[in-house]
Amino acid sequence: MPSPSLHEAWSSLDPAFRRALERAFEGLHAGGLPVGAALTDPVGQILADGRNHAYDPPGGPDVLQGTPLAHAEMNALASVPTGRTLDDCTLWSTQQPCLMCGAAAAFTGVGTVRYLAPDPWAESDAANPIAARIAGVRTVGPGEDRWVVAANLLFLLGIARTRGVGHPTVRANRELEPETAALVVRLVEQTSPIEASLTDFLERIWTDVEGAATSRVDRRRSGKPAEELAGRRGSGADTRT
Numbered sequence: 326m327p328s329p330s331l332h333e334a335w336s337s338l339d340p341a342f343r344r345a346l347e348r349a350f351e352g353l354h355a356g357g358l359p360v361g362a363a364l365t366d367p368v369g370q371i372l373a374d375g376r377n378h379a380y381d382p383p384g385g386p387d388v389l390q391g392t393p394l395a396h397a398e399m400n401a402l403a404s405v406p407t408g409r410t411l412d413d414c415t416l417w418s419t420q421q422p423c424l425m426c427g428a429a430a431a432f433t434g435v436g437t438v439r440y441l442a443p444d445p446w447a448e449s450d451a452a453n454p455i456a457a458r459i460a461g462v463r464t465v466g467p468g469e470d471r472w473v474v475a476a477n478l479l480f481l482l483g484i485a486r487t488r489g490v491g492h493p494t495v496r497a498n499r500e501l502e503p504e505t506a507a508l509v510v511r512l513v514e515q516t517s518p519i520e521a522s523l524t525d526f527l528e529r530i531w532t533d534v535e536g537a538a539t540s541r542v543d544r545r546r547s548g549k550p551a552e553e554l555a556g557r558r559g560s561g562a563d564t565r566t
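Per the working numbering, residue 326 is the first one in the sequence shown, and the count goes up by one each step.
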């Protein structure tokens with residue numbers, strides 16, 4: 326079966342995940358860490374959203390901006406009045422929430438957490454492993470491989486563009502997520518301007534995203550190194566290490 330077009334894949338993605346990815350893309354443009362989140366009510370209406378502002382200068386729209394607390398999920402939760410019960414709400418994020426954000430979700434009584442991709446930063450730090458589950462909160466993730474690649478691509482590209490491809494998180498993900506990391510390096514080397522909209526950006530690289538996702542599935546199923554699988558595939562091999 327042929328891979329879906331970007332339009333098909335984007336249309337089938339839950340609107341809350343679309344909002345979270347769009348907020349992450351804003352972070353890429355702002356030079357911050359591209360992570361986005363959204364909070365929905367029981368019928369899927371978006372109540373709040375946020376992006377990571379930890380590396381933005383203070384003084385912006387988010388109360389936590391420019392502080393180490395300014396993660397995307399924290400900014401989304403900080404937009405909700407204290408009296409709002411959240412046990413029937415869902416917190417959506419482009420990455421698996423870190424320990425701080427997971428604790429905040431549990432403390433505020435969020436009913437469900439859904440995420441698209443593992444957190445590349447936490448996974449690359451063996452001394453600070455992320456909790457597999459958030460106590461007391463139903464947690465669902467990761468998403469489809471194409472969206473794992475897309476979400477982590479934004480995350481790693483934000484780091485690589487501001488801190489270089491030699492940053493420890495990018496280097497670590499050459500082993501953890503080699504297909505995505507290789508695409509990130511290639512995009513940085515191209516030095517092309519980033520499109521104004523997320524969908525335009527994804528449209529330009531969608532074939533590479535799908536190729537990386539397919540290779541990721543093959544690698545995880547076989548347990549073989551990405552280099553060996555890349556040698557057995559034709560088109561798209563340039564997106565893998």
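Think of the CB as a built atom: it goes at the ideal place given N, C-alpha and C, for glycine as much as any other residue.
Go ahead and label residue i buried or exposed: buried means 16 or more other beta carbons lie within 10 angstroms of its beta carbon, across all protein chains shown.
| i | result |
| --- | --- |
| VAL388 | exposed |
| HIS332 | exposed |
| PHE350 | buried |
| ALA457 | For ALA457, the pLDDT reaches just 43, beneath the cut-off of 50, and the residue's location in the model is therefore unreliable, although a value from the coordinates is still provided. Its Cβ having fewer than 16 others within 10 Å, ALA457 is exposed. |
| GLU398 | buried |
| ARG496 | exposed |
| THR505 | buried |
| ARG471 | buried |
| THR433 | buried |
| ARG545 | exposed |
| SER540 | buried |
Could you have a look at residue i and say whether DSSP puts it in helix, strand or coil?
| i | result |
| --- | --- |
| THR365 | strand |
| PRO393 | coil |
| GLY427 | helix |
| VAL542 | helix |
| ILE371 | strand |
| GLN515 | helix |
| ARG486 | helix |
| ALA442 | strand |
| VAL465 | strand |
| LEU416 | strand |
| ARG343 | helix |
| ARG348 | helix |
| THR532 | helix |
| ARG496 | helix |
| THR437 | strand |
| ARG409 | coil |
How about residue i and residue j: are their beta carbons less than 8 Å apart?
| i | j | result |
| --- | --- | --- |
| ARG439 | VAL473 | no |
| PRO359 | LEU508 | no |
| ASP381 | ARG348 | no |
| GLU535 | SER328 | yes |
| LEU441 | PHE342 | yes |
Examine chain D for any beta-carbon lying closer than 8 Å to the beta-carbon of residue i, and answer yes or no.
| i | result |
| --- | --- |
| GLY361 | Absent here is chain D; the protein component of the structure consists of one chain. |
Assuming the contact rule is C-beta atoms closer than 8 Å, residue i and residue j should be a hit. Round their C-beta distance to whole Å, please.
| i | j | result |
| --- | --- | --- |
| HIS396 | CYS423 | 7 Å |
| ASN498 | PRO445 | 5 Å |
| LEU612 | LEU523 | Past the boundaries of the shown model lies residue 612; the chain is included only from 326 to 566, so the question cannot be answered. |
Checklist entry - Contact between the stretch 479-492 and the stretch 426-433: three or more CB pairs below 8 Å? => result no
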